[in-house]
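The numbering of the sequence shown is this note's numbering, which starts it at 130 and goes up by one. For every residue, glycine included, the Cβ atom is placed at its ideal position computed from N, Cα and C. Owing to the predicted nature of the structure, the values given are computational and were not obtained by experimental measurement.
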Amino acid sequence: MDQLTRVSRLINVFRTATIIYGANSSAWLRTPDLGPVMGGRTPLVFVRENGMDGIRWIQEDLETMLGLPGGHGG
Numbered sequence: 130m131d132q133l134t135r136v137s138r139l140i141n142v143f144r145t146a147t148i149i150y151g152a153n154s155s156a157w158l159r160t161p162d163l164g165p166v167m168g169g170r171t172p173l174v175f176v177r178e179n180g181m182d183g184i185r186w187i188q189e190d191l192e193t194m195l196g197l198p199g200g201h202g203g
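Below you can see the structure in the form of structure tokens.
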């Protein structure tokens, strides 16, 4: 993936996390997720370990929380 795609995905993750978590969106990045995919890792660690696949998964997970098409459930 090119740099523009990476930046676009990161901006979307930030925007969506801010809609869901508001002022706590930064804390959310460092909060362990006990779900089966994240396995207790924080979103930040998950992205570091999985690169663009991790960013895409988190973006889709957040979109699912908002009920947007294209998320894991849509």
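Exercise for the section: Determine the contact status of L197 and I149, defining contact as a CB-CB distance below 8 Å. Expected result: no
Practice task
Can you say whether L163 is buried or exposed, counting buried as having 16 or more other CB atoms within 10 angstroms of its CB?
Solution key: exposed
Exercise for the section: Go ahead and label Q132 buried or exposed: buried means 16 or more other beta carbons lie within 10 angstroms of its beta carbon, across all protein chains shown. Expected result: exposed
Handout entry: Beta-carbon gap between L173 and R159 smaller than 8 Å
Key = yes
Problem - DSSP three-state assignment for D182, whether helix, strand or coil - result: helix
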